[in-house]
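Peer 1: I am attaching a structure below and will ask some questions about it afterwards.
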Amino acid sequence: MRRISVTVNGVRHEADVEPRALLVYFLREQLGLTGTNVGCDTSSCGACTVLLNGQSIKACTALAVQADGQDVTTIEGLATNGTLHPMQQAFHDEHGLQCGFCTPGMIMASVGYLSEHSDPDEAEVREALEGNLCRCTGYHNIVRAVLEGAKAMRDSETVVGGGNGAADGSGVAMGRVREGVVVP
Ligand code: FES
Ligand code: FES
């Protein structure tokens, strides 16, 4: 077992984890944050997307120990004081979901992407979400929701998931979805 200290949604957690434990299972099973879903478990679907230091990653491809000392934001960390994050609100308003299984990952991927590309066009949104699969919606409403959420975020200057990974020291780390690096 390895002792790790991870700040998740602004709360610091210390825990003992197996060195091979994946971040997504640490979040779901040890911290009880089940909003982060597991779909494929093989880095294909994006259902497990979270922010690591503000950058979206697929939590099924990162080890929990890799989050040691880092800042993680999950879907549970977006709303503040009962008020939905603008991107959550946009998914609601634009009916950007059906069964909802892919939705936390879609939202976290979108928020991560928008931290670097605040004013994307439709094609850019579609490309940014190519690593997130939805079996229900046909994507049109999801894309509409992301564009609407992006506008709302610009209007409200929303910042989420700032961590210690920001290259510019602003506390806002950047990036589109990437796979975590699993070290042997
Ligand atoms: S569970 Fe499908 S990418 Fe992680
Ligand atoms: S809403 Fe069902 S998988 Fe996307």
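Counting in this note's numbering, the final residue of the sequence shown is number 474, and the numbers go up one at a time with none missing. Don't be surprised by glycine CBs; every beta carbon is placed ideally from N, CA and C.
1) Taking only three categories from DSSP, how would you classify valine 328?
2) Cα-Cα, which of Ala352, Ser346, Ser295 and Thr324 is closest to arginine 310?
3) Report the residue from Glu384, Glu406 and Val296 whose alpha carbon sits nearest the alpha carbon of threonine 427.
4) Apart from the five residues on each side of it in sequence, which residues of its chain come closer than 7 Å, Cβ to Cβ, to glycine 395?
5) Judging by CA-CA distance, which residue of Leu437, His430 and Thr363 is the nearest neighbour of serine 491?
6) Return helix, strand or coil for alanine 357, following the three-state DSSP convention.
7) Measure the C-alpha to C-alpha separation of leucine 437 and glutamate 412 and round it to an integer number of angstroms.
8) Can you tell me whether DSSP reads threonine 351 as helix, strand or coil?
9) Taking glutamine 238 as the reference, which of Phe316, Phe381 and Gly322 has the closest Cα?
10) How would you call alanine 369, buried or exposed, if buried means at least 16 neighbouring beta carbons within 10 angstroms?
11) For cysteine 350, does the count of other Cβ atoms within 10 angstroms reach 16, so buried, or fall short, so exposed?
12) If you reduce the DSSP assignment to three classes, tell me which class alanine 305 lands in.
13) Look up arginine 292 in the DSSP assignment and say whether it is helix, strand or coil.
Peer 2: Result, derived from the coordinates:
1) Note: valine 328 maps to coil in three-state DSSP.
2) Cα-wise, what sits closest to arginine 310 is Ala352.
3) For threonine 427, the closest of Glu384, Glu406 and Val296 by C-alpha to C-alpha distance is Glu384.
4) Shown here for glycine 395: same chain residues with a beta carbon closer than 7 Å to its own, the five before and five after excluded, namely Asn327, Gly336, Ala337, Cys338, Thr339 and Asn422 in chain order.
5) Only positions 291 to 474 of the chain appear in the structure, and residue 491 is not among them; the question remains open.
6) Alanine 357: helix per DSSP, three-state reduction.
7) The alpha-carbon separation between leucine 437 and glutamate 412 amounts to approximately 7 Å.
8) Three-state result, threonine 351: coil.
9) Any answer about residue 238 is impossible in this case: the structure gives the chain only from 291 up to 474.
10) Exposed: under 16 other Cβ atoms inside 10 Å.
11) Around the CB of cysteine 350, 16 or more other CB atoms lie within 10 Å, so the residue is classed as buried.
12) DSSP places alanine 305 in strand when its eight states are reduced to three.
13) In this structure, arginine 292 counts as strand in the three-state DSSP scheme.
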